[in-house]
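So the protein lines, in turn, are chains A and B.
This note's numbering puts the last residue of the first sequence at 627; the count rises by one with no breaks.
This note's numbering puts the last residue of the second sequence at 396; the count rises by one with no breaks.
Following: one structure in structure tokens, then a few remarks.
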Amino acid sequence: MTELSQIRNFSIVAHIDHGKSTLADRLIQLTGTVAERDMKAQLLDAMDIERERGITIKANTVRIEYPAKDGKTYVLNLIDTPGHVDFAYEVSRSMRAVEGSLLVVDATQGVEAQTLANVYQAIDADHEIVPVLNKIDLPAAEPDRVKEQIEDVIGIDASEAIPISAKTGLGIPEVLEAIVTRLPAPKGDRAAPLKAMLVDSWYDPYLGVVVMIRVMDGVIRKGDRIRMMQTGAIYGIDKLAVLKPKMVDIAELGPGEIGVFTASIKQVRDTRVGDTITHEKKGCEKPLPGFKPAQPVVFCGLFPVDAADFEALRDAIEKLALNDASFSYEMETSAALGFGFRCGFLGLLHLEVVRDRLEREYDLDLITTAPSVVFKLHMKDGEVRDLHNPADMPDLTYVDHIEEPRINATIMVPDEFLGDVLKLCQDRRGIQADLTYAGNRAMVVYDLPLAEVVFDFYDRLKSVTRGYASFDYQITGYREDNLVKMSILVNEEPVDALSIMVHRDRAEARGRVMCEKLKDLIPRHMFKIPVQAAIGGRVIARETIAAMRKDVTAKCYGGDVTRKKKLLEKQKAGKKKMRQFGKVEIPQEAFISALKMDG
Amino acid sequence: MEDWQAGGFGLYLHWPFCASKCPYCDFNSHVAAAIDQNRWRRAYLAEIARVSAETGPRVLNTVFFGGGTPSLMAPELVAAVLEAVRAVWPMANDAEITLEANPGSVEAGRFRGFRDAGVNRVSLGVQALNDGDLRRLGRLHSAAEARAAFDVARKTFDRVSFDLIYARQDQTAAAWRRELRDALGMAVDHLSLYQLTIEDGTAFAARHAAGGLAGLPDEDRAADLWEITQEECAAAGLPGYEISNHARPGAESRHNLIYWRSGDWAGIGPGAQGRLTLGPARWATEAPRAPGAWLEAVEQTGSGEGPREALGRADRAVELVMMGLRLTEGVEIERLQHYGHSGINFPEIRCLEEEGLIGTGGGRLRATAAGRPLLNAILRRILA
Ligand SMILES: Nc1nc2c(ncn2[C@@H]2O[C@H](COP(=O)(O)OP(=O)(O)OP(=O)(O)O)[C@@H](O)[C@H]2O)c(=O)[nH]1
Ligand SMILES: C[S@@+](CC[C@H](N)C(=O)[O-])C[C@H]1O[C@@H](n2cnc3c(N)ncnc32)[C@H](O)[C@@H]1O
Ligand code: SF4
Ligand SMILES: [Mg+2]
């Protein structure tokens, strides 16, 4: 048990890649939490995908002990958070478990869209904020300019911002001192009934479900019988530990402390992030406010390339979902693609990460259909239906009107690219809400349809601004618009997996682009293939894939027999990467690439 | 009758050296400073003895000296090889003995020697009949030299064929038609006309990957050039009897027919491959590709052959169809049925017949005129 006054809990927040995980490394290292030989860069990014992409996806907590200048040893619980907007939910729930934030700003880049988004969340959570200017080892660092920017754009005092290099270790002792002196100690009552917040939970292959908690009041011990107030479930604590970052058993956790337990819980889905944990008997009366679960906003179909792999895919999805409650799935059948799953994700990066993991960790070949959002169908009989898949669109005569989700998007961009950004947003049916300047950077706020953003908006934004723009968004609500379902017919047959919802005014243009793309994506066959876009029964765009005219090996003699035979076998294996639609074979990448709007 | 006898029995000898390496060529050919022709003679003779001991004294229909540039072999070496061959295999009365030759002046000077050694057919790598394209193909000879070599060859050998490569950079339909007519006018009875293929690992492949070699034809232009080729050759009395080979009826390359009819052939020399039916088994044989490695294997182990592979029913059926459909005459269906239904998708054959790409009349499976330029696509569908 640690005295409240000697505990400090904080999250490290920043825009993507500004150096949160590297700063966490230095804090872990300088306090000797991890033996020097076990140290490695971005130590907390343990998942393969995190290490490979060099990004944080899951928030991670470490408990470190720091002997401060005042002679006392403090317990610090730090939570390293992801920077990417898809995982903003990880940041917001982490913030509820702590009292302060280290706001890391890359001194060569300055304030970016997620810097803002995160800092506002920290302010909402009543956090004390310590600004840290990172990467000052780089010649391009401009700490003074960035300080000014923090004050101008965010409106918080940056006079005591700490210049550091998370890479070289410069300034790290100052950060540790600031944590102790500038961040508040947690509050709580040891004598009160147990009240702990369920911050996170994950599946560990050896231990089963591991639950992370922050104790508010009371004390939790190994062997205690506890109750989850939202679900009502009762469990016995099997193991109680703190993360250093390896689990180290501990006898009890008191107010202000953060730790983990296991309790023979089967699935991550049996736990609710934000739930209140108390004792089975003599529990607390009032639960904590709790928080809204993360809602999937982007949906797509995942189908096995080889139909025989369906069971393997089901198995893999179920296993993955054990550990990722923000990802949803239900079975789907497509006339074109057979059996698969309609899956929901927090965003496109999340989608990519899940698909990558399914393909790699479970050795599956998948077809991903065009990402779509959830439309609200207002039926003539007054019913409101969620449409997760354009293929499920009912007959229009039953539909009164359709609503789509809108977002509030914040984009920060250097002056010279502003024109391109405005044009991009305008092209995507955006409505400008705000435009302000901070130095030579503009901050634009747009009201945009989510459907126009989920697909390749971020890629386009990066390319028109040569990577200098940053982007963040929140969903604001639903709004009616003139939306229609556009089908694609290949060789006169509709391919359900290619149908999309689109604004009526833009249907012709989208249809034309899709037909042109498919014309290039579908290889020539031995007959000619019409490719059409249609709304209802009306064709709005059309292309024709010419019949194949020549595919023959020029030289084939005695020395070529074996090689030629192997080549044919390889080509036939390549055919497996295609999907058969009637007589036409469509390569799997076509399902995504056909939807890309430009470039 | 054993199945291979429908194709006959031939011997392929590989000579792996050239005066320089052509940028489009992926054959097993090398440029060497000095070649000890005596050492090569000993190795070839040892291999002939080894292989003939396995096959026994079957009638040999053809011999083919391929390369590389076999016209760089000393005529004495060719003579020694043929003498050894005759000693172990009874030669057919009408045996065809071909040697591939480059149409340079050095080689032309040796033609008499080759003829005296027993060679009765040459295949000349002319490649193009204009100097600009010959240069772009990296050839050492000029068009005039090639014509001169051809004239010497015509006077020296019973049968002469030559090779052209078409679908070159910037080659127009009209230019190819003119050049082809020129070639056909040279009073040949056999022509090999290959569409330029960018082969992996060649200098052309590297240039192509780097965005070079502008002006190569796309699929539609290549198909046009193919059609012109079929048309012109047929009109001149040399219809295509194989995808890239055209001959006056009766003047076909008998050696190459053995490959396409899935006969037996012994392959001797670096990288050479063979197919030998020995008792109930049919073997695919292969030799180490590097000239030095092959020589050492022969000298030190007494065999220039790598591990051989036994071909199963499906393999044999696949090879029979894959090679046989290259021929205009196609494949005997009865022969195919010997292998049961393994390897072949028979229902698909029926579909292709309806699409007009395959014919099955006269007890033979064959690609139609429309199907021939699409043979790879057809094979992908037929081979299960
Ligand atoms: N030169 C220099 N590079 C740094 C410094 N701090 C971090 N980096 C580099 O910046 C990149 C991003 O660092 P991370 O620590 O992964 O950033 P992050 O904020 O955790 O990123 P996300 O978790 O993806 O949002 C890495 O290549 C680091 O090596 C620094 O002080 N100086
Ligand atoms: C073994 S090579 C020829 C022998 C001889 N060394 C010569 O080059 O004259 C057989 C023939 O294949 C053809 N050939 C080689 N590489 C080719 C390629 N990449 N594309 C098309 N034809 C090719 C040439 O016409 C060549 O004459
Ligand atoms: S094309 Fe003929 S001469 Fe040229 S490298 Fe190949 S084998 Fe040798
Ligand atoms: Mg990170």
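From the three backbone atoms N, C-alpha and C, an ideal C-beta is built for every residue, glycine too.
Predicted model only: the values in this text are computed from it and were never measured.
Opposing strand residues paired with residue i [DSSP bridges]
| i | result |
| --- | --- |
| C453/A | Paired residue(s): none; C453/A is not in a bridge. |
| N162/A | D134/A |
| Y465/A | A470/A |
| H406/A | V412/A, H429/A |
| N105/A | N37/A, R91/A |
| W277/B | G22/B, R287/B |
| L330/A | F369/A, T396/A |
| Y506/A | P433/A |
| W295/B | L288/B, A322/B |
| W27/B | G79/B |
| L32/A | DSSP, once it has assigned bridges, lists no residue as partnering L32/A. |
| H42/B | F29/B |
| Y501/A | A437/A |
| A42/A | V132/A |
| T74/B | G22/B, E108/B |
Identity of the residue in the options nearest residue i by Cα
| i | options | result |
| --- | --- | --- |
| Q616/A | R81/A, N468/A, Q560/A, A398/A | A398/A |
| P283/A | P273/A, K267/A, R253/A, I241/A | I241/A |
| C453/A | P442/A, Y474/A, L546/A, A470/A | Y474/A |
| V147/A | D165/A, P442/A, G111/A | G111/A |
| L290/B | A44/B, T67/B, V97/B | T67/B |
| Q295/A | L235/A, V247/A, I248/A, A279/A | L235/A |
| R540/A | K556/A, A525/A, M514/A, G565/A | M514/A |
| A129/B | S117/B, V75/B, V118/B | V75/B |
| G602/A | V530/A, T61/A, D245/A, V333/A | V333/A |
| T136/A | R121/A, D45/A, A461/A | D45/A |
| G467/A | T493/A, I459/A, M440/A | M440/A |
| R127/B | E88/B, R159/B, R362/B | E88/B |
| A199/B | H220/B, R151/B, D182/B, L250/B | L250/B |
| A470/A | S621/A, D180/A, L330/A | D180/A |
| P273/A | Q560/A, E480/A, Q70/A, A42/A | Q70/A |
| A221/B | I210/B, G227/B, D230/B, E231/B | I210/B |
| T504/A | N510/A, M529/A, L526/A, P477/A | P477/A |
| L561/A | P551/A, C543/A, T89/A, R577/A | Note on identity: in this sequence residue 561/A is Ala, with Leu being the wrong assignment. Checked all of P551/A, C543/A, T89/A, R577/A; the closest Cα to A561/A is C543/A. |
| Y585/A | E14/B, P292/B, G78/B, V43/B | G78/B |
| F115/A | A96/A, K100/A, R91/A, I85/A | I85/A |
| T81/B | K33/B, D163/B, R266/B | K33/B |
| L161/A | V589/A, R488/A, V41/A | V41/A |
| S39/A | L596/A, G138/A, V119/A, E389/A | V119/A |
| P212/A | V238/A, V126/A, F369/A | V126/A |
| L386/A | D352/A, I262/A, E156/A, A145/A | D352/A |
Rounded distance between the beta-carbons of residue j and residue i, thought under 8 angstroms
| i | j | result |
| --- | --- | --- |
| V326/A | V518/A | About 25 angstroms separates the two Cβ atoms, so there is no contact after all. |
| A206/A | V158/A | 5 angstroms |
| S122/A | A150/A | Actually they are not in contact, since the Cβ atoms of S122/A and A150/A sit about 10 angstroms apart, beyond 8 angstroms. |
| R347/B | W272/B | Actually they do not touch by this definition, with Cβ atoms about 13 angstroms apart. |
| A582/A | Y206/B | 4 angstroms |
| T61/A | V90/A | 7 angstroms |
| R383/A | L330/A | 7 angstroms |
| Y102/A | I35/A | 7 angstroms |
* Asked: In the region 124-206 of chain B, which residue ranges form an unbroken alpha helix (DSSP H) of at least 4 residues, counting only runs that do not cross its ends?
  -> 143-148, 155-168, 185-196, all fully within the region 124-206 of chain B.
* Going along the chain, which unbroken runs of the alpha helix (DSSP H) with 4 or more residues stay wholly within the region 235-274 of chain B? -> Uninterrupted alpha helix (DSSP H) stretches at least 4 residues long and entirely within the region 235-274 of chain B occur at 266-272, given in chain order.
* Looking at C-beta atoms only, is the number of pairs between the region 291-306 of chain A and the region 256-276 of chain A that lie closer than 8 angstroms three or more? -> Taking a cut-off of 8 angstroms for Cβ pairs, the region 291-306 of chain A and the region 256-276 of chain A touch, as three or more such pairs fall below it.
* Any chance the region 21-28 of chain B sits against the region 274-292 of chain B, with 3 or more Cβ pairs inside 8 angstroms? -> Yes, the region 21-28 of chain B is in contact with the region 274-292 of chain B.
* Asked: What runs of the beta strand (DSSP E), each 3 residues or longer, lie entirely inside the region 205-265 of chain A?
  -> For the region 205-265 of chain A, whole beta strand (DSSP E) runs of length 3 or above, ordered along the chain, are 223-232, 236-245, 253-256, 262-264.
* Should the region 44-61 of chain B be called in touch with the region 293-313 of chain B, which here means at least 3 C-beta pairs below 8 angstroms? -> Yes, they touch.
* Unbroken stretches of the beta strand (DSSP E), 3 residues or longer, contained in the region 527-579 of chain A -> Qualifying beta strand (DSSP E) stretches, in chain order: 528-531, 557-563, 566-573.
* Evaluate contact between the region 134-149 of chain B and the region 86-100 of chain B, counting only Cβ atoms and requiring at least three cross-stretch pairs below 8 angstroms. => No, they do not touch.
* To do: Please go through the region 272-360 of chain A and give each complete alpha helix (DSSP H) segment of 4 or more residues, from N-terminal end onward.
  => Given a length threshold of 4 residues, each whole run of the alpha helix (DSSP H) inside the region 272-360 of chain A is given here in chain order: 338-350.
* Asked: Below 8 angstroms, can you find three or more Cβ-Cβ pairs linking the region 216-234 of chain B to the region 179-193 of chain B?
  -> Yes, the region 216-234 of chain B touches the region 179-193 of chain B.
* Asked: Using 8 angstroms as the threshold, is the region 240-248 of chain B in touch with the region 312-331 of chain B, meaning 3 or more CB pairs across them?
  -> No, because fewer than three Cβ pairs between the region 240-248 of chain B and the region 312-331 of chain B fall closer than 8 angstroms, the two stretches do not touch.
* the region 568-575 of chain A in contact with the region 540-556 of chain A per 3-pair CB rule at 8 angstroms -> Verdict: yes, contact present.
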